[in-house]
Every structure is written in C-alpha cells, then in structure tokens.
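Heads up: the structure comes next, in structure tokens.
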Amino acid sequence: MRILTLPALLAGLIVLTACGTDNKTTSDPDREKASPQTTASEQTVETKNAEAKPSVEEQAPAGKLPDGVRPTAYRLDLTLDPRQDTFHGQVEIDIEVDKATDHIWMHGNNIDVADIKAIVPAQGDEKEKEVAAHYRQMLDSGVVRVDFAGGIPAGKITLHTRYSAPFDKNLAGLFKVEEKGDAYALAKSESIQARRFLPGFDEPGLKATYDISLTIPKGYKAISNGLETERVDAGNGMEKVTFAQTRPMPTYLLSLAVGPFDVVERPDIPANKYRKEPLPLRGFARKGRGKDMAYVLDKTPEMLRIFEEQLQRPYPFRKLDIIAAPQWPSGATELSAAITYREQRILVEGDEPAPGLRLALLGVHAHEIAHMWFGNLVTPPWWDDLWLKEGFATWGTPLALTIMEPDGGHDLNAAVRAISAMKLDSLASTRAIREPITDNNNIRNAYDAITYSKSLGVIHMVDEYFGADTFRPALGRYIEKFADGVADSPDFYKVIGDETESPQLTETFRTFVEQKGVPLLSLTMNCNTDGEASVIVQQQRYKPLGSPISETGQQWSIPFCMRTNTGVAQCEFLSDSQQEIAVSGGACPKWVMPNVNGSGYYRFNMDEKYWQALLGEFDNLNPTERLSLIDSAFAAFESGKLKPGTLLEVVRLSATSDKRQVVEAPLGYLAKYADHYIEDANAARWQAFLKEQYGKKAQDLADNTDSESKLLRSRLLGFLALEGKDKDTRKQLQQQAELFTGFNRERDPTALDSDLYESALTVAIQDSGKDFLDHLIKVRSELDDPLFESASANAMGRVIDPLQLDTIHQLALSDNMGAREAFGLIQNALIEPELQARNWQWLRDNFAEVVAKIPEQWRRNTPRFGANFCDQQYLKQVQLLFTQQQKLVPGYQRALAQTEEGINLCLALKQNGQALVSSLD
Ligand SMILES: [Zn+2]
Numbered sequence: 017m018r019i020l021t022l023p024a025l026l027a028g029l030i031v032l033t034a035c036g037t038d039n040k041t042t043s044d045p046d047r048e049k050a051s052p053q054t055t056a057s058e059q060t061v062e063t064k065n066a067e068a069k070p071s072v073e074e075q076a077p078a079g080k081l082p083d084g085v086r087p088t089a090y091r092l093d094l095t096l097d098p099r100q101d102t103f104h105g106q107v108e109i110d111i112e113v114d115k116a117t118d119h120i121w122m123h124g125n126n127i128d129v130a131d132i133k134a135i136v137p138a139q140g141d142e143k144e145k146e147v148a149a150h151y152r153q154m155l156d157s158g159v160v161r162v163d164f165a166g167g168i169p170a171g172k173i174t175l176h177t178r179y180s181a182p183f184d185k186n187l188a189g190l191f192k193v194e195e196k197g198d199a200y201a202l203a204k205s206e207s208i209q210a211r212r213f214l215p216g217f218d219e220p221g222l223k224a225t226y227d228i229s230l231t232i233p234k235g236y237k238a239i240s241n242g243l244e245t246e247r248v249d250a251g252n253g254m255e256k257v258t259f260a261q262t263r264p265m266p267t268y269l270l271s272l273a274v275g276p277f278d279v280v281e282r283p284d285i286p287a288n289k290y291r292k293e294p295l296p297l298r299g300f301a302r303k304g305r306g307k308d309m310a311y312v313l314d315k316t317p318e319m320l321r322i323f324e325e326q327l328q329r330p331y332p333f334r335k336l337d338i339i340a341a342p343q344w345p346s347g348a349t350e351l352s353a354a355i356t357y358r359e360q361r362i363l364v365e366g367d368e369p370a371p372g373l374r375l376a377l378l379g380v381h382a383h384e385i386a387h388m389w390f391g392n393l394v395t396p397p398w399w400d401d402l403w404l405k406e407g408f409a410t411w412g413t414p415l416a417l418t419i420m421e422p423d424g425g426h427d428l429n430a431a432v433r434a435i436s437a438m439k440l441d442s443l444a445s446t447r448a449i450r451e452p453i454t455d456n457n458n459i460r461n462a463y464d465a466i467t468y469s470k471s472l473g474v475i476h477m478v479d480e481y482f483g484a485d486t487f488r489p490a491l492g493r494y495i496e497k498f499a500d501g502v503a504d505s506p507d508f509y510k511v512i513g514d515e516t517e518s519p520q521l522t523e524t525f526r527t528f529v530e531q532k533g534v535p536l537l538s539l540t541m542n543c544n545t546d547g548e549a550s551v552i553v554q555q556q557r558y559k560p561l562g563s564p565i566s567e568t569g570q571q572w573s574i575p576f577c578m579r580t581n582t583g584v585a586q587c588e589f590l591s592d593s594q595q596e597i598a599v600s601g602g603a604c605p606k607w608v609m610p611n612v613n614g615s616g617y618y619r620f621n622m623d624e625k626y627w628q629a630l631l632g633e634f635d636n637l638n639p640t641e642r643l644s645l646i647d648s649a650f651a652a653f654e655s656g657k658l659k660p661g662t663l664l665e666v667v668r669l670s671a672t673s674d675k676r677q678v679v680e681a682p683l684g685y686l687a688k689y690a691d692h693y694i695e696d697a698n699a700a701r702w703q704a705f706l707k708e709q710y711g712k713k714a715q716d717l718a719d720n721t722d723s724e725s726k727l728l729r730s731r732l733l734g735f736l737a738l739e740g741k742d743k744d745t746r747k748q749l750q751q752q753a754e755l756f757t758g759f760n761r762e763r764d765p766t767a768l769d770s771d772l773y774e775s776a777l778t779v780a781i782q783d784s785g786k787d788f789l790d791h792l793i794k795v796r797s798e799l800d801d802p803l804f805e806s807a808s809a810n811a812m813g814r815v816i817d818p819l820q821l822d823t824i825h826q827l828a829l830s831d832n833m834g835a836r837e838a839f840g841l842i843q844n845a846l847i848e849p850e851l852q853a854r855n856w857q858w859l860r861d862n863f864a865e866v867v868a869k870i871p872e873q874w875r876r877n878t879p880r881f882g883a884n885f886c887d888q889q890y891l892k893q894v895q896l897l898f899t900q901q902q903k904l905v906p907g908y909q910r911a912l913a914q915t916e917e918g919i920n921l922c923l924a925l926k927q928n929g930q931a932l933v934s935s936l937d
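Residues 17 to 937 (the working numbering) make up the sequence shown, in order.
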C-alpha cells in the first residue's frame with residue numbers, strides 16, 4: 017500500500033469532513049466548534065495540532081467499536097409509509113457502560129437526528145437525571161460519536177434518539193421499491209446497513225433484544241422478527257402494529273418490511289421431540305404473487321424438521337415467515353424468523369420449477385434455514401469469523417437435502433462447490449477463511465467463495481475423516497453452549513477439540529481456516545524393495561504458471577486417504593512437509609487414487625505413468641472421486657505439469673459419465689480456453705472437438721425426463737451454442753427464443769424453460785436480426801417474470817451489432833432496468849470479443865453513472881468487469897481506471913488485485929493453452 021504523507025492525510029481528512037453528513041443536533045454547547053462546516057482558520061488549527069494530538073476524526077474507529085459499551089435492549093418505534101420518500105421515529109437503547117466517559121462511539125449513516133439525550137437512572141442518593149447529548153457522524157462508513165455534556169457515569173444508561181432518514185434507492189438499508197404501481201419498504205441490514213435506519217450499535221457481536229412497533233398505512237402488511245401482537249388505529253389512515261420482543265440478536269438480522277403484500281397462511285408446523293410448541297408458518301410475496309409461494313412453503317416443514325433432528329436442537333424462534341422480496345439485493349438473507357429472498361429465487365409459477373431453478377431454490381432455502389442456528393442463535397462477534405455462520409450453513413445444505421432426496425446428487429453438488437473454491441484459492445491474492453478485518457469498507461470482501469465454499473470443503477473433510485458420530489454431536493453442544501451469545505473461531509476450536517478429544521481435528525481446522533491456498537500433494541511411488549512398497553507424499557502450496565506464490569513455507573494438517581488397486585483405503589494424518597506411507601500388502605501399487613471419496617480439500621499430482629493408470633480406472637471411481645481427479649488434472653495442466661494429451665483424455669472420459677456434475681466439470685476451463693487460446697486457424701478443429709464430446713450427449717438426453725438429464729441438456733446446449741459456436745444448436749435455441757417471445761409469430765410460453773432463458777436469448781440477440789432487440793425490450797416490460805428480466809438483461813449485453821450499442825447503454829442506465837440487471841448487462845457486454853473494446857470505452861467514459869446505478873454493496877466488485885481480459889493493454893487500463901476512480905468504489909482493492917492476477921495468469925498460460933489445441937488430431 018502507498019504510504020500517505022502527512023499533508024495528503026490531512027487533505028483527505030478535510031475532504032472527508034466536508035463530505036460527511038450534516039447532522040443537525042441539539043443541546044451540545046460545543047456544537048458550533050464540532051460542526052462539519054469547518055472554517056478555513058479552524059482547518060489551520062487542526063493542521064498545526066495534528067501531530068501533537070489525533071483529531072476527533074483520527075480517533076474514529078474505522079473497524080470494530082472500542083470495547084466497554086454494550087447495548088442490551090432496543091425499543092424502536094417508526095412510522096414507515098412506503099409511499100413517502102422518508103421515514104421517521106424514535107429509538108431508546110439500554111446501554112451498559114464499563115467506565116465513566118464524556119463520549120461513546122456508535123453507528124448511524126445519513127440519519128437526521130432531531131433530538132438525542134441520555135437518561136441516567138437513579139443511583140443511591142442521586143435521582144434519575146437527563147444528560148444532553150450531541151450526535152455527529154464522523155466517517156462515511158457510518159461511524160458516529162455521541163458526546164455527553166458533563167459526561168455519564170459507569171453503569172446503565174438509556175439513550176433516546178428521535179430521527180428521520182430517507183428511504184434508500186440503491187437497495188441498501190431501509191429501501192423502497194415500486195412494483196406494478198405499488199410501493200414496498202424493506203430493510204436489508206447485512207452487513208453494516210442497519211445504521212442507515214437505526215442509530216445504534218451495528219456490529220454482529222453486540223446482540224440485544226428488540227421491541228418494535230411500526231406505524232403503517234391502514235391495511236398494509238408489516239413483517240418483523242417477532243410475532244405481531246397488536247394492531248390499533250393511529251388516525252390519518254394509519255395503523256400502529258406492535259411485535260413481540262425478540263431474543264437477543266444483532267442489528268444485521270433485523271427485519272422490517274411494509275407494503276401491500278399477499279399473505280399465505282399455512283398450517284402450523286407440528287411440535288416434535290425437540291420443539292414443544294407448534295410453529296406458525298406464513299409466506300409473503302408482492303401483491304398478486306402469493307400463489308407462487310406454494311412450492312417453497314410445501315418444502316419448508318420437512319427441511320426444518322431435518323435440521324432440528326440433525327442438531328437435536330429446536331428451531332429457536334416462535335414463528336417462521338418466508339418473504340419473496342422484489343429487488344432484494346442478495347439472493348437471500350437469513351433475517352431471524354423472517355427469511356427474505358430475492359423473489360425469483362423462490363417464486364414458482366405452476367406446479368414444478370425448471371430443474372436448475374429447483375436445485376437453486378432448495379439449496380438457498382436449506383442454507384437460510386441452517387442459519388437460524390448458525391449465525392442467528394450463535395453469532396460470530398465480528399466479520400472475520402463470518403465462516404462460522406456461512407461455512408456451516410453452506411455445509412448443512414447438502415446434508416439436509418441428501419436426507420430429503422437421497423438420490424438427488426446433492427453430495428456431488430457439494431463436491432463441485434468445494435472444488436470451485438480451489439480456483440479462487442489458487443490466487444496469491446486470495447483470502448484466508450479467517451483474516452483480520454480492520455476497516456468497515458472491507459467487510460463485504462469476506463463474502464466470497466473462500467468463506468462459503470472453502471469452508472464447506474474443510475468442514476466436509478473433517479466430518480468424513482473423523483466421522484459424523486464424533487463431529488456432529490460436538491457441533492450440537494457448541495450451539496447449546498453459545499446460544500443467544502457470540503462465539504469466535506478460538507471458542508469453536510476449543511469446544512470442538514474438548515468435546516471430541518481429537519487435537520488433530522482442531523489442528524486441521526486451524527491450518528485450513530487461518531492459511532490461504534490449496535495444498536498440493538505430490539505422490540511418488542517407492543517400489544525399489546520388493547514387498548515393502550511405499551508412497552511418498554509431499555505437501556506444498558498449489559501454484560499455477562505465472563503465479564507469484566511461494567511454494568515453500570506453508571504446511572497443513574491434512575486428513576489424507578488414498579486407495580490402491582488392492583481396494584483398501586489407507587488413511588494417514590499428514591502434518592510434515594514429506595511423509596512416507598507403507599502400502600498395505602507391500603506390493604507396488606498398479607494405480608493410486610489419492611483422494612478417497614474426493615472429500616479432501618487438496619489437489620494431487622503424480623508422474624505420467626500413474627496418471628495414465630488412474631485414468632484407466634476412471635469408470636470405476638466413484639463420482640466425487642472423478643470430480644477430484646478432473647480438478648487435479650486441470651490444476652496440473654495449468655501449472656505446466658501435465659501433458660495436453662493427458663488432459664484431453666480426461667475431458668473425453670468425463671464427457672461419457674452418467675453424472676451431470678462430472679460431465680460439466682471441465683466446461684468452465686474449456687470456455688476459458690475457447691475465449692483466449694484458440695487462434696483462427698484452429699477454431700474449426702476446436703469446435704469439432706467440443707461437438708464430438710457434447711453434441712451427441714445433448715441429443716441422447718432429449719428423451720430423458722428426469723431433472724438431472726434435463727438440466728445437463730440445457731447446460732450442454734448453452735455451452736455448444738455460445739462456446740462451441742455450433743450452428744445446429746444455435747439454430748435450435750434461436751427458434752425456441754423466437755417462439756417463446758412471440759417474435760414475428762404467436763407467442764408460445766412453453767417453448768423455453770427458465771434454465772435456457774439466457775443462452776437462447778443470447779443466441780437470438782446475435783442471430784435473429786436487429787429487430788429482435790426492440791422486440792425483447794418490449795416483451796420484458798410486458799412479462800412479469802423476474803428470471804426472464806435478469807436473463808434478458810444479460811443477453812442484451814452480448815449484442816454484436818455496433819449500431820445497437822447506444823440502445824443497450826441507455827437502457828442499462830435508465831429507470832427501465834433494475835440495478836442488479838444493469839450490472840449483469842454491463843458484465844456481459846465485456847465478454848463478447850467483437851464489441852469488447854467499445855463497451856469498455858463506454859464504461860470508462862460513464863463510470864460514475866454506472867456506479868451510481870448499480871447496487872451499493874456490489875460497487876466494490878466493479879474491477880471484476882475486467883475479469884475476462886487476457887491482454888497487457890487492458891490490464892493497464894483497468895489499473896488506471898481504478899487509480900482514478902477509487903473514491904467511488906470503497907473496498908475495491910481485493911477485487912482489483914484478483915482481476916489483475918487473473919489477467920496475468922491467463923497470459924502466462926497462453927503457450928500451453930495453444931499447445932492444447934494443437935495437440936488435437
Ligand atoms: Zn448465508
């Protein structure tokens with residue numbers, strides 16, 4: 017990082033002060049001096065004193081708040097009318113303060129505080145007293161300092177605040193959206209956005225109870241974390257709704273939603289061995305869409321029961337609401353007892369969703385239900401321990417789904433997911449699962465494949481090696497011990513280590529959670545002495561060609577299992593950089609599978625002879641082992657250690673598999689190679705290779721009616737059309753898209769299922785002539801189908817006619833396109849090689865408008881718009897753009913570093929990639 021000189025630092029502070037929210041506050045005699053409108057002479061004074069004593073701004077905590085101040089209860093009373101632009105109300109917070117002080121730090125962002133004061137209760141001879149307070153936002157990230165005239169004593173106080181704030185328009189904090197003429201207000205608090213509607217202590221570790229009441233338009237529905245207990249007339253066409261007190265919870269799980277929602281009442285979920293009371297279950301969707309909640313509500317009771325049984329703990333809340341929210345900025349958020357989804361993730365028109373939608377729906381729903389224990393009941397104290405909620409919810413998902421559908425392939429989906437994390441984890445610029453977060457702007461960077469999917473892989477590895485009977489009961493006791501409180505990683509390691517009496521298990525967690533990177537296990541056979549064969553296993557960090565990663569200096573405690581031609585699995589705990597394992601039976605193995613069940617979070621490599629021998633066994637390996645093999649083969653190729661011909665053999669073998677996930681495993685790599693390493697002279701040969709592998713397969717699947725076959729067929733058709741440029745497949749998809757949208761003919765809504773929306777519309781945008789774009793824009797506005805809306809936005813990004821660029825650029829920035837859809841359109845516009853340069857130039861010229869348009873929590877990801885580049889010139893331009901525009905996208909550094917590294921690695925692989933294509937014969 018660049019070191020700032022003192023003048024630069026001060027200049028930065030002054031800018032910050034000038035941009036800060038001008039909060040008109042009360043009663044502080046020093047108010048004028050502390051006002052954000054610092055005068056020129058005061059700036060001079062600040063500059064002079066800066067070296068001697070840090071300014072108030074410099075003292076403001078950029079990350080975690082200082083210890084010693086804890087909220088215990090909130091009483092929140094708001095007037096929320098989604099038809100208005102602002103909301104207002106008041107909050108009382110009971111706070112414990114460890115030491116007498118003249119100020120405290122808390123949170124609030126863009127909130128207009130009308131009145132603030134502290135009440136100090138009577139103590140001994142002293143009567144209850146009121147203390148004047150002064151509220152001031154110090155940092156753009158929403159850090160607030162409250163000063164007390166004359167100070168407050170140690171002990172309990174109550175802070176009273178009356179305030180108002182605007183409804184956000186970028187889906188952050190308490191935001192409002194309009195759909196089909198109706199306005200809805202919804203609160204998206206995770207991670208640090210509750211501070212936009214509640215001046216409080218917006219940190220996961222600061223849990224407190226909430227008593228909430230909302231004054232809303234008469235007849236509107238209101239949703240919060242507690243059960244609705246009372247609704248009374250409030251005059252002027254308004255009603256006051258009161259909710260039951262919550263269990264202690266953090267601000268990021270607050271639910272507040274108001275609007276003319278449809279409500280779907282379901283029978284209570286019956287009591288069981290773990291839960292004494294029946295549980296009320298309801299669904300909420302925007303007006304007219306309640307009927308599409310049936311599928312998700314049907315699945316809910318069984319899922320909930322499975323988690324209760326697996327954890328042997330009751331669902332922790334007194335009701336469960338499932339909310340399909342229009343424009344929700346995340347896929348879903350686990351708000352306590354009021355789980356909220358982006359509507360297209362859970363609304364299902366008709367009886368049965370398309371296979372891909374169905375899998376995604378079950379996956380997200382199980383994940384959110386798992387959170388009710390992992391995160392909501394036991395909460396990480398700070399964002400660096402995010403994995404304790406996200407990793408466990410991700411791991412719990414295939415577990416629950418496999419119990420529901422033993423043959424559903426959910427174990428393979430989990431393996432695919434863990435492997436997908438290895439791709440990110442191969443970068444030097446990856447994160448560790450647990451890494452310090454000292455700046456609020458970096459919090460959202462922790463929400464990545466490392467936290468979710470690597471954690472899943474690591475937890476799965478431990479569960480498999482040490483046994484579900486050891487690990488899972490310990491997990492239940494960990495939840496019981498920390499219920500209603502917080503637990504960090506050291507707490508977790510300790511409880512799990514004590515409960516299982518397995519220090520190695522704790523060591524595995526520690527080395528995988530606190531270190532970056534994927535272990536690479538290199539196997540060498542030691543077969544010199546007859547009857548005493550052994551396998552030497554060396555561990556180092558995996559490193560692709562062109563990577564700055566150092567291979568030495570890192571070591572993991574790895575639960576390792578291999579199987580040889582004897583059929584016996586041999587397990588060893590690897591904790592040295594090199595270990596020798598005697599082969600049972602003593603004979604030199606004919607082949608070795610170095611990752612039994614594919615459950616180890618590591619990659620392997622061997623010499624060519626053993627690769628060939630293992631490929632000879634491909635069809636006898638179980639499907640998760642095949643997935644591990646495919647991943648390790650591509651990884652070895654990308655580090656320059658596997659022959660192109662051997663890799664092509666892996667691709668051929670995988671394509672013949674009877675498991676969808678195995679067939680699909682190479683597709684991402686092949687798409688990348690098709691984009692960057694195919695020269696014109698080789699294109700036809702490459703396309704023929706892809707068609708040979710996948711064309712017939714897709715045809716053969718056409719008659720199958722099971723959902724895995726249908727899903728695989730959709731994926732293969734999309735791949736053949738877009739990456740394989742296959743004319744027949746393109747024709748077929750084009751016709752389906754034209755029929756489905758009614759282009760120059762009557763519309764047939766059955767012509768396309770939602771799994772094929774994006775690929776078919778992309779083909780039609782490119783092949784159906786220039787009128788198709790206008791037609792698609794019109795159909796978009798007529799259909800009420802959020803999946804179609806996002807797929808068509810992505811497709812429109814891939815126009816190849818330069819005359820259509822103005823249309824799509826204007827559309828992306830207009831009110832006719834949602835914030836998330838606009839992001840998708842722009843991202844796709846940078847994929848299509850024909851117009852990549854012009855789209856990139858447009859993005860650079862309009863960067864500020866683009867940033868203003870897209871959802872706030874995604875802005876830090878804008879460097880990833882350059883993720884598809886594989887070129888030095890573009891790399892420089894990406895770096896320049898973000899040097900110039902960094903103020904617009906706080907927290908962008910991680911995404912930029914990973915994008916830069918991705919481009920460099922793509923360049924470094926060029927020669928080998930081209931050799932792969934040339935080796936086709
Ligand atoms: Zn989650």
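Note that the Cβ used here is the ideal one computed from N, Cα and C, for glycine as well. All values derive from a computational prediction rather than experimental measurement.
Between the C-alpha atoms of G189 and G347, what's the straight-line distance to the nearest angstrom?
-> Taking the sequence shown and counting its residues from 1, one reaches residue 189 at position 173. Taking the sequence shown and counting its residues from 1, one reaches residue 347 at position 331. Spanning the two alpha carbons is a distance of roughly 16 Å.
Using a Cβ-Cβ cut-off of 6 Å (strictly less than) and excluding sequence neighbours within five positions of F390, which residues of its own chain qualify?
-> For the purposes of this step, residue 390 is taken as the residue at position 374 of the sequence shown. Closer than 6 Å at Cβ, skipping near neighbours: K405, F408 and A409.
Around ligand 1, which residues pass a check of Cβ closer than 5 Å to any of its heavy atoms?
-> E406 and A409
Coarse secondary structure for T745, derived from DSSP in three states = Counting from one through the sequence shown, the residue named residue 745 turns up at place 729. Helix at T745.
CA nearest to the CA of D278, picked from I459, S505, D198 and G84 | In the sequence shown, residue 278 corresponds to position 262, counting from 1. The option with the nearest alpha carbon to D278 is D198.
Note the first and the last residue of the continuous beta strand (DSSP E) segment covering V147.
-> As a working note, residue 147 is residue 131 in the sequence shown. Segment K145 to L155, the beta strand (DSSP E) holding V147.
Excluding sequence positions up to five away, which residues of its chain have a Cβ less than 8 Å from the Cβ of V478?
-> Here residue 478 refers to the residue found at position 462 when the sequence shown is read from its first residue. Contacts found: F487, L521, T524, F525 and P575.
Determine the contact status of V162 and H123, defining contact as a CB-CB distance below 8 Å.
-> Here residue 162 refers to the residue found at position 146 of the sequence shown. Here residue 123 refers to the residue found at position 107 of the sequence shown. Cβ distance not < 8 Å, so V162 and H123 don't count as in contact.
CB-CB under 7 Å to L736, same chain, minus the five flanking residues each way: which ones, in chain order?
-> Within the sequence shown, residue 736 is the residue found at index 720, counting from 1. Apart from the 5 residues on each side of it in sequence, L736 sits with its Cβ closer than 7 Å to the Cβ of L706, K707, Y710, G711, A714, D742 and T745 in its chain, given in chain order.
Boundaries of the beta strand (DSSP E) in which K256 is found, first to last residue | Indexing the sequence shown from 1 puts residue 256 at position 240. Here the beta strand (DSSP E) through K256 covers M254 to F259.
Looking only at its own chain, which residues have a Cβ that is under 6 Å from the Cβ of D46, when we skip the five neighbours before and after it?
-> For the purposes of this step, residue 46 is identified with residue 30 of the sequence shown, where counting begins at 1. Only weak support is given to the placement of D46: the predicted model assigns it a pLDDT of 33, under 50, and the question is left unresolved by the model.
Local conformation of Y226 per DSSP, three classes = As a first step, residue 226 must be located in the sequence shown, where it is residue number 210. Residue state, collapsed to three classes: strand.
Using a Cβ-Cβ cut-off of 6 Å (strictly less than) and excluding sequence neighbours within five positions of Q106, which residues of its own chain qualify?
-> If you number the sequence shown from 1, residue 106 lands on position 90. D93 and R178, listed in sequence order.
With a 10 Å radius around its C-beta and 16 neighbouring C-beta atoms as the bar for buried, classify Q139 as buried or exposed.
-> Position 123 of the sequence shown, counting from 1, holds the residue named residue 139. When all chains shown are included, Q139 counts as exposed.
Extent of the continuous beta strand (DSSP E) run through W121 | Taking the sequence shown and counting its residues from 1, the one referred to as residue 121 is at position 105. T117 to H123 is the span of the beta strand (DSSP E), which, as asked, contains W121.
Buried or exposed: which applies to A776, given that a residue is buried once 16 or more other Cβ atoms fall within 10 Å of its Cβ?
-> Counting from one through the sequence shown, the residue named residue 776 turns up at place 760. Answer is buried; the Cβ neighbour count reaches 16.
Which partner residues does R213 have in the DSSP bridge list?
-> To locate residue 213, count along the sequence shown from 1; it is residue 197. The sequence given here has Phe at residue 213, not Arg. Paired residue(s): none; F213 is not in a bridge.
From L187 to L590, what distance separates their C-alpha atoms?
-> One-based indexing of the sequence shown puts residue 187 at position 171. One-based indexing of the sequence shown puts residue 590 at position 574. Approximately 47 Å, taken between the alpha carbons.
From E421 to K289, what does the alpha carbon distance come to, in whole angstroms?
-> By 1-based counting over the sequence shown, the position of residue 421 is 405. By 1-based counting over the sequence shown, the position of residue 289 is 273. If I take the Cα positions, the gap works out to 23 Å.
Quick check: the segment 203–220 against the segment 267–287, are there 3 or more CB pairs under 8 Å?
-> yes
Spatial distance of Q209 from R263 (CA atoms) = In the sequence shown, counting from the first residue as 1, residue 209 sits at position 193. In the sequence shown, counting from the first residue as 1, residue 263 sits at position 247. Their Cα atoms are separated by approximately 21 Å.
Three-state secondary structure (DSSP) of L297 = Counting from one through the sequence shown, the residue named residue 297 turns up at place 281. Three-state result, L297: strand.
Three-way DSSP call (helix, strand, coil) for V666 in this model | As a first step, residue 666 is located in the sequence shown; it is residue number 650 there, counting from the start. In the structure shown, V666 sits in a helix (DSSP, three-state: H, G or I).
Give the DSSP-derived three-state secondary structure of M17 in the structure shown.
-> Against the sequence shown, residue 17 aligns to sequence position 1. The pLDDT assigned to M17 is 35, lower than 50, so where the model puts this residue is not dependable; a value taken from the coordinates is nonetheless given after this. M17: coil per DSSP, three-state reduction.
Specify the secondary structure class of K315 as computed by DSSP and reduced to three states.
-> On the sequence shown, position 299 is the one that residue 315 refers to. Residue state, collapsed to three classes: helix.
Between the beta-carbon of V511 and the beta-carbon of R450, is there less than 8 Å?
-> In the sequence shown, the residue the question calls residue 511 occupies position 495. In the sequence shown, the residue the question calls residue 450 occupies position 434. Taking 8 Å as the Cβ cut-off, V511 and R450 do not qualify as a contacting pair.
Beta-carbon spacing of G840, S806 below 8 Å = Against the sequence shown, residue 840 aligns to sequence position 824. Against the sequence shown, residue 806 aligns to sequence position 790. Yes. Within cutoff.
In chain order, each alpha helix (DSSP H) run of at least 4 residues that lies wholly inside the segment 720–786 = 723–738, 743–757 and 773–783
Can you pull the DSSP bridge partners for P535?
-> As a working note, residue 535 is residue 519 in the sequence shown. P535 is bridged to R557.
Per DSSP, what kind of secondary structure is I453 in: helix, strand or coil?
-> Locating residue 453 in the sequence shown gives position 437, counting from the first residue. Three-state DSSP puts I453 in coil, outside helix and strand.
Can we say the segment 246–264 touches the segment 299–308, given the rule of at least three CB pairs closer than 8 Å?
-> no
Does the Cβ-Cβ distance between Y617 and A416 come in under 8 Å?
-> Position 601 of the sequence shown, counted from the first residue, corresponds to residue 617. Position 400 of the sequence shown, counted from the first residue, corresponds to residue 416. No; because the gap between Cβ atoms is not below 8 Å, this pair is not in contact.
Can you have a look at S615 and say buried or exposed, based on whether 16 or more other CB atoms are within 10 angstroms of its CB?
-> The residue given as residue 615 occupies position 599 in the sequence shown. Its Cβ being crowded by 16 or more others within 10 Å, S615 is buried.
So is V933 buried or exposed if we call it buried at 16+ other beta carbons inside 10 Å?
-> As a first step, residue 933 must be located in the sequence shown, where it is residue number 917. Buried, because 16 or more other Cβ atoms sit within 10 Å of the Cβ of V933.
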